[in-house]
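Encoded as structure tokens, the structure appears first; notes follow it.
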Amino acid sequence: MSITAVSIDLKVEFAELFAAIADEPWALLLDSCEHPQSEYDFIFRQPEQTLTVNDNWPEQLRQLQAQLPAYDGPATVPFRGGLAGAFSYDAGRALEHLPSQAERDIALPEVAIGLYSQALIRCRKSGATWLVGRSDEITELSAFWRKQLEQNTPGSEYFQLNADWQSNMSRADYLQKFVRVQDYLHAGDCYQINLAQRFSAPFSGDPWAAYLQLRAANQAPFSGFMRLSDGAILSHSPERFLHVSATGLVQTKPIKGTRPRGKDSQTDSALAHELQHAAKDRAENVMIVDLLRNDLSRVCQPGSVQVPKLFAIESYPAVHHLVSTVEGQLESPQQALELVAACFPGGSITGAPKIRAMEIIDELEPHRRSFYCGSLGYISQHGETDTNIAIRTLVACNHTIYCWAGGGLVVDSDGAAEYQETLDKVAKILPVLSSTLEAGSA
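Residue numbering for the sequence shown follows my numbering, starting at 119 and increasing by one per position.
So, in structure tokens, the structure goes:
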């Protein structure tokens, strides 16, 4: 018995294909939204085993992955059976001793990782599509997907907010917490601390329909949708966490620094130029680059960690971002899971030093972050890996949908500007779904 991959002719958007299985628990779409940065789209379904317990997950996942049969398909396929799913921000509690002051009020697991032997993969650059599966099931799997293509079953199109968004902190609350962050920074506890507010609203309908609305508005390169037994994760992330190639080359792309998009091309260009040359944002960015260089160095070969790009501008529908690229080399791609554990959660959404920043976050934010600032992605059994930082990410559970927005604070941050930045980051999320409230009450 082995896992193999065959070429399959499915000339349709993966989001359209996924609609046919979007209500299946553990169905997972990793969606590059045709963004030029991204190369692959993935659909995973029907995992052979799942992990939902946040207890020594690196070792448990290593044991899970060891159960897969060998792969004997084409060498160009990036996923050859392995792990896929989502780590919540609080999966970090299995790695470090952290306080438990923030309330955990979202009834979803802190880890939701499946062991998948089957997947659909599309390379956007070549147009090739592969079906991965156990060799004795591949014909049956191919027939299943061709049937979905022929039936063209539409997914649910209904999603509606039943009340407007409410934050777990007012502007005054945020500014008060900002002052407390400044006290910690001036006391030398940290160089940078990430502070986020959480919005929530009751809803009816299907979160998959909400994902499609947000997808059209954001087109983020590291998007994803995951159906859980008791909810869903809707990620529209612009940020890569960790990518590991089949040869063990590691890349991470931290985002630090944000400006809103301008209303006209001249204003837009001026905002991007201002961001690229802003001393505070550059300092904030380089702090996280240093943190990630240290994280990668824990596992990568000595001397291999480099920074090929520093302070690049990447532009998205709602905002401009200041993005750097850090790379390293593993001795073996089989160290990918060890690398994820060594770097989790991503430093761009904690602050530095990481553990002290996470302690302060737990003190100041009223509620735990759930899957916000965690990660969605895959780790193939041969080591190839791609994961996002789950920013611009929503969680649906018990007919309530949650959305977060935060930013890294440093000593020369301005409280009012930082508060506005959190709103800028969700400018293509909250209003998009608020429109369903208006439509429902019309």
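C-beta: ideal position from N, C-alpha, C; glycine also.
query                                                                                                                                                           : result
In its own chain, which residues sit with a C-beta less than 8 Å from the C-beta of Phe296, not counting the 5 before and 5 after it?                           : Leu313, Leu527, Ser531, Gly533, Glu536 and Tyr537
Does the beta-carbon of Asn403 have 16 or more other beta-carbons within 10 angstroms, so that it is buried, or is it exposed?                                  : buried
For Val550, which residues of its own chain have a beta-carbon under 8 Å away from its beta-carbon, when the five flanking residues on both sides are left out? : Gln331, Leu332 and Ala335
Check Ile256 in the structure and name its three-state DSSP category.                                                                                           : helix
Rounded to whole angstroms, what is the Cα-Cα separation between Ser355 and Gly421?                                                                             : 30 Å
Does DSSP classify His561 as helix, strand or coil?                                                                                                             : Since the first residue of the chain shown is 119 and the last is 560, residue 561 is not available in this structure.
What are the partner residues of Gln284, as DSSP defines its beta bridges?                                                                                      : Ser318
To test your reading of the DSSP string, which unbroken alpha helix (DSSP H) runs of 4 or more residues are found completely within the stretch 319-404?        : 325-336 and 383-394
DSSP beta-bridge partners for Asp480?                                                                                                                           : Bridge partners of Asp480: none, in fact.
As a quick exercise: from Ile479, Glu268 and Leu201, pick the residue whose alpha carbon is nearest that of Gln236.                                             : Leu201
Name the residue from Lys472, Gln394 and Lys265 whose alpha carbon lies nearest to the alpha carbon of Asp413.                                                  : Lys472
Mind checking Pro196: buried by the 16 CB within 10 Å criterion, or exposed?                                                                                    : buried
With contact counted as at least three CB pairs below 8 Å, one residue from each stretch, are the stretch 274-281 and the stretch 453-467 in contact?           : no
Ends of the beta strand (DSSP E) at Cys521?                                                                                                                     : Thr518 to Leu527
Exposed or buried, which one is Lys381 when buried takes at least 16 other CB atoms within 10 Å?                                                                : exposed
Out of Ser450, Thr468, Phe489 and Ala193, point me to the one whose CA is closest to Val513's CA.                                                               : Phe489
Using beta-carbon positions only, say whether Arg358 and Val437 come within less than 8 Å of one another.                                                       : no
Evaluate contact between the stretch 336-353 and the stretch 142-150, counting only Cβ atoms and requiring at least three cross-stretch pairs below 8 Å.        : yes
Compare the Cα-Cα distances from Arg379 to each of Ile431, Ala364 and Gln424 and report the closest residue.                                                    : Ile431
Between Thr443 and Arg411, what straight-line distance do the alpha-carbon atoms span, to the nearest angstrom?                                                 : 10 Å
Starting from Ala237, trace the beta strand (DSSP E) both ways and give me its first and last residue.                                                          : Ala237 to Cys241
Asn516: which of Ser353, Gln300, Pro325 and Gln178 sits nearest, CA to CA?                                                                                      : Pro325
For Ala560, which residues in the same chain have their Cβ closer than 7 Å to its Cβ, ignoring the five residues on either side in sequence?                    : Bear in mind that the predicted position of Ala560 carries a pLDDT of just 46, short of 50, making it too unreliable to give a figure here.
In whole angstroms, what separates the C-alpha of Pro227 from that of Val171?                                                                                   : 7 Å
With a Cβ-Cβ cutoff of 8 Å, do Leu494 and Thr503 count as a contact?                                                                                            : no
With distances taken Cα to Cα, identify the nearest neighbour of Ser288 among Lys546, Cys241, Thr540 and Thr554.                                                : Thr540
I need the boundaries of the beta strand (DSSP E) containing Leu233, first residue and last residue.                                                            : Val229 to Tyr234
Short of 8 Å in beta carbon distance, which residues of its chain neighbour Ala475, apart from the five on each side in sequence? Order them along the chain.   : Cys308, Gln310, Ile311, Asn312, Thr468 and Gly469
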